[in-house]
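Remarks on the structure that follows.
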Amino acid sequence: MKISSAISNTFSLARRLGSVRIARSSLIRLAHLLERIGLGAVGASCGLYVGATLLRQKGGLFESGWIVLITMVYGALGYYVGIDLSGKVARNSSSSISEEWNGSEPAEIMSAAGTFGAAIAATLSVSILVLDQNLPNGLIGFVAGCWVVGSSLQVAAGTMARSHDAPTNEQ
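Numbering follows this note's numbering, in which position 101 of the sequence shown is assigned residue number 104; successive positions increment by one, without gaps.
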């Protein structure tokens, strides 16, 4: 009984708020911005794990605490710019029935490959930290390489997609 009254109260509130007119485009832009900020936070947290793994490796190349900050900032940038490609680019590629490339596919492929590489680096870093493993420098270099290449592909894909998605005079 309480659940049904809560649901009806929610619908009633939604109807009342429905009379308040907020420009739909403004609301969508705000939701899109919040989504991208969330993606940036995920990228920064993945970068934290990668940076912590690199920092743990004594006698290695990454003994400065700055490596953690650098990996976090680069991860946030990669996820903010690269994962969330604009809706227009995604619609163009999914609505294309022919086998011709429309220019957005390379950005989507690069974004997917970059996300995969960054996710592999983050997953390996978390497992190394959780299992408290001391691994050879070659594997730590592989993790760092996956992170750098993955995040770079994300940034490049986001930049390509946004330059491809620039407003044109379609008639």
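The beta carbon of each residue, even a glycine, is placed where N, CA and C say it ideally should be.
Residue i in three-state terms, based on DSSP
i, result
"Met163", "helix"
"Arg94", "Bear in mind that the predicted position of Arg94 carries a pLDDT of just 49, short of 50, making it unreliable; the figure below should be weighed with that in mind. The answer is helix: DSSP assigns Arg94 an H, G or I state."
"Gln60", "coil"
"Asn137", "coil"
Closest by C-alpha distance to residue i, when choosing among the options
i, options, result
"Gly50", "Ser166, Thr118, Leu36", "Thr118"
"Leu42", "Ser154, Val146, Glu108, Glu66", "Ser154"
"Gly141", "Ala34, His35, Gln60, Ile86", "Gln60"
"Ser128", "Trp150, Pro109, Ile112", "Trp150"
"Ala159", "Ile143, Ala116, Gln136", "Ala116"
"Ile143", "Tyr83, Leu37, Pro109, Ile123", "Ile123"
"Ser166", "Arg32, Val84, Ser67", "Val84"
Integer-rounded CB distance, given that residue j should sit under 8 Å from residue i
i, j, result
"Val45", "Thr74", "Val45 to Thr74, Cβ: 13 Å. No contact."
"Leu132", "Ala55", "6 Å"
Start-to-end residues for the alpha helix (DSSP H) that takes in residue i
i, result
"Gly117", "108–134"
"Tyr83", "No alpha helix (DSSP H) holds Tyr83; DSSP gives it neither H nor E."
8 Å Cβ cutoff, residue i in contact with chain C
i, result
"Arg39", "Reference to chain C is not applicable here, since this structure consists of a single protein chain."
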